[in-house]
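Quick note, the sequence shown lines up with residues 9 to 117 if you use the numbering used here. Here is the structure we will look at.
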Amino acid sequence: MVKVDFKKELKHLYLPSPEAFLLVDVPQMQFLMVDGHGDPNVAQAYKDAVEALYAVAYKVKFASKRELERDYVVPPLEGLWWAEDMETFTVRRDKSTWDWTMMIMQPEW
């Protein structure tokens, strides 16, 4: 059974060159996602979200291997970050006001 590694297959997205800015076309993808709010360094909600994402991601991976005979490396954790008041995000860096979506990409099958 071949194990798919999406970081290698999508190297231009996961490991871009640090030497230059690149414009890339990102294919449509599906993700496991959890939304939350607060400082990721201290918020229990953030810790719980990341733990839940990995727990589900690995259950899906092993179900895919067992039931579909398709194996893959669980992709890395990704995140989107923002704040209602962008000054708290950029200037003051008040992480307690940040909103976030943490996510792990899933194969199309």
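The beta carbon of each residue, even a glycine, is placed where N, CA and C say it ideally should be.
With fewer than 16 other Cβ atoms inside 10 Å of its own Cβ, Y66 counts as exposed.
Counting along the chain, D56 sits inside no beta strand (DSSP E); it lies in the alpha helix (DSSP H) bounded by residues Q52 to A71. Assigned with DSSP and collapsed to three states, F14 falls in helix.
Rounded to the nearest whole angstrom, the CA to CA distance from D33 to E86 is 18 Å. When rounded, the separation of the alpha-carbon atoms in L21 and L30 is 10 Å. Between the stretch 70-84 and the stretch 97-108 there are fewer than three C-beta pairs closer than 8 Å, too few to call the two in contact. In its chain, beyond the 5 residues on either side, P83 have a beta carbon closer than 6 Å to the beta carbon of F14.
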